[in-house]
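Per the working numbering, the sequence shown starts with residue 4, numbered consecutively.
Beta carbons: idealized from backbone N, C-alpha and C, even for Gly.
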Amino acid sequence: MGKKVAIIGAGVSGLASIRSCLEEGLEPTCFEKSNDIGGLWKFSVMISSRSGSWVMSRVWDNGYPWDMLLVTRFGTFLKNNLPTAISDWLYVKQMNARFKHENYGLMPLNGVLRKEPVFNDELPASILCGIVSVKPNVKEFTETSAIFEDGTIFEGIDCVIFATGYSFAYPFLDESIIKSRNNEIILFKGVFPPLLEKSTIAVIGFVQSLGAAIPTVDLQSRWAAQVIKGTCTLPSMEDMMNDINEKMEKKRKWFGKSETIQTDYIVYMDELSSFIGAKPNIPWLFLTDPKLAMEVYFGPCSPYQFRLVGPGQWPGARNAILTQWDRSLKPMQTRVVGRLQKPCFFFHWLKLFAIPILLIAVFLVLT
């Protein structure tokens, strides 16, 4: 029998620890804090979640990659411009598309906050099979056991893995350079310290979003290089601080108080690219290149979009955007049974809004 391991925290690092322990023949148990998650599962792994979490699959509708369907300009436009009630309903519906989190004890305490979800394709099946179970917050540890707030005890723990997240700081820099307040690091657009007299420091990669990390840091680096070179000028200190405060209020609303480095991927990428003239002009594209415009606006927001114009422009960006689905699906064509089936984004969104549209139509007819 493998050693029993206690894992504290059911976030990304906690679930990664569970999987690694299982692969090595250990018996992990994961503990989290929330009282709203209960139910005793009978086998070796326990997840105790302080606040719950959305769990997403990497494989989305009809077997397509999740990010190529969900991270789109049109989807971002709807999320940021629809009435709050409708936007929240749409978000929860997307998160519950694979399984009902309430039934699995994983429903977040505040489900409408856009916190980063956990990506795990095995957890729901593991719950169904009884391999994984959930417990509430750990009240205390004894020498060999964990006592939960519901009074139950998990005996015979050999070791504990803490997966409780992290804090961020720059202890090697004076606080006057990068100021920290209430778990917030004060950086203009997450990159430049606004209190410096000259823009000689840039922080790269200190953001988190529901989007690819490498394109994000690439665009941050391109902007930083232009600022250092002197071809791009930052706003005044006052304007930068006002922008930071305004953005922080929006972050608290969308992501919660603990997610101060979280950001909206497409909105953030557009902000950065606009500084260096690399943001695609969508209305102009619809007038001059409708085929490309449709793919840019309704299709995946791939990094090629920020190589269409501006510094670092790539002549092959247009073709790369128009053929991105071919490359994404090609690796799976090891047994060819027909032509590639690419998604139709119009029908994807039509299906999502079919019921609300129908209800509104019925309401209008009856009134």
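The alpha carbon of Val163 has as its nearest neighbour, out of Pro31, Glu178, Tyr271, Thr326, the alpha carbon of Pro31. If the five residues before and after Trp257 are omitted, its C-beta is found closer than 6 Å to the C-beta atoms of Arg117, all from its own chain and listed in chain order. Within the same chain, Val115 come within 6 Å of Asp91 by CB-CB distance, once the 5 residues on both sides are set aside.
For the 8 Å CB-CB criterion, Val95 and Tyr268 do not form a contact.
Under DSSP, Thr266 takes part in a beta bridge, and its partners are Ser212. Unbroken alpha helix (DSSP H) runs of no fewer than 4 residues, entirely contained in the stretch 68-123, are found at 69-73, 76-84, 87-98, following chain order. Sequence-distant Cβ neighbours of Trp328 in its own chain, meaning closer than 7 Å and more than five residues away, are Lys345. Going by beta carbons, Pro197 and Ile189 fall inside the 8 Å limit. The three-state secondary structure of Pro346, taken from DSSP, is coil. Remark: C-beta atoms of Phe122 and Lys138 do not approach each other more closely than 8 Å. Shown here for Ser212: same chain residues with a beta carbon closer than 7 Å to its own, the five before and five after excluded, namely Thr219, Gln265, Thr266, Asp267, Tyr268, Tyr271 in chain order. Using a Cβ-Cβ distance cut-off of 8 Å, the stretch 277-286 and the stretch 49-63 are not in contact, since fewer than three pairs of beta carbons, one from each stretch, lie closer than that value. Around Pro68, the same chain offers Arg61, Val62, Ser331 as residues with beta carbons nearer than 8 Å, after the five sequence neighbours per side are excluded. Shortest Cα-Cα distance from Leu112 to any of Phe165, Asn99, Arg53, Asp153 involves Arg53. Under the DSSP assignment, Cys304 falls outside any alpha helix (DSSP H); it carries neither an H nor an E label.
Across the set Cys304, Gln316, Gln336, Val339, the C-alpha of Cys304 shows the shortest separation from the C-alpha of Phe77. According to the DSSP assignment, Pro286 belongs to the alpha helix (DSSP H) that extends over 285-291. Contact annotation: Trp226 and Leu295 have beta-carbon atoms that are not nearer than 8 Å. Per the coordinates, the alpha-carbon of Gly55 lies some 13 Å from the alpha-carbon of Leu18.
DSSP places Val220 in the helix class (H, G or I) of the three-state scheme. A distance below 6 Å between beta-carbons, with the five flanking residues on each side excluded, links Gln229 to the following residues of its chain, in chain order: Cys235, Ile279. Our two residues, Ile247 and Val210, have alpha carbons roughly 14 Å apart in a direct line. Under the DSSP assignment, Phe258 falls outside any beta strand (DSSP E), being part of the alpha helix (DSSP H) whose first and last residues are 240-258. Around the beta carbon of Gly193, a 10 Å sphere encloses 16 or more other beta carbons of the protein chains shown; the residue is thus reported as buried.
A direct Cα-Cα distance of roughly 16 Å separates Ser239 from Ile180.
The shortest CA-to-CA distance from Ser23 to any of Glu125, Ser202, Gly208, Val141 is the one to Glu125. According to DSSP, Ile50 shares a beta bridge with Val137.
Residue burial is scored here from C-beta neighbours: Ile21 has at least 16 other C-beta atoms within 10 angstroms and is therefore classed as buried.
Between Ser16 and Glu35 a beta carbon distance of about 12 Å is seen, past the 8 Å cut, so the two are scored as non-contacting. The secondary-structure analysis by DSSP pairs Cys162 across a beta bridge with Val8. Under the three-state reduction of DSSP output, Ile279 falls in the helix class.
Using a 10 angstroms sphere on the CB of Pro293, the tally of other CB atoms stays under 16, which defines it as exposed. Put simply, of Glu26, Asp242, Leu109, Asn99 the residue whose alpha carbon is nearest the alpha carbon of Gly14 is Leu109. The straight-line gap separating the alpha-carbon atoms of Ile324 and Met335 is approximately 19 Å.
Secondary structure at Phe144: strand, using DSSP grouped into helix, strand and coil. Annotation: the continuous beta strand (DSSP E) that includes Ala149 extends over 149-151.
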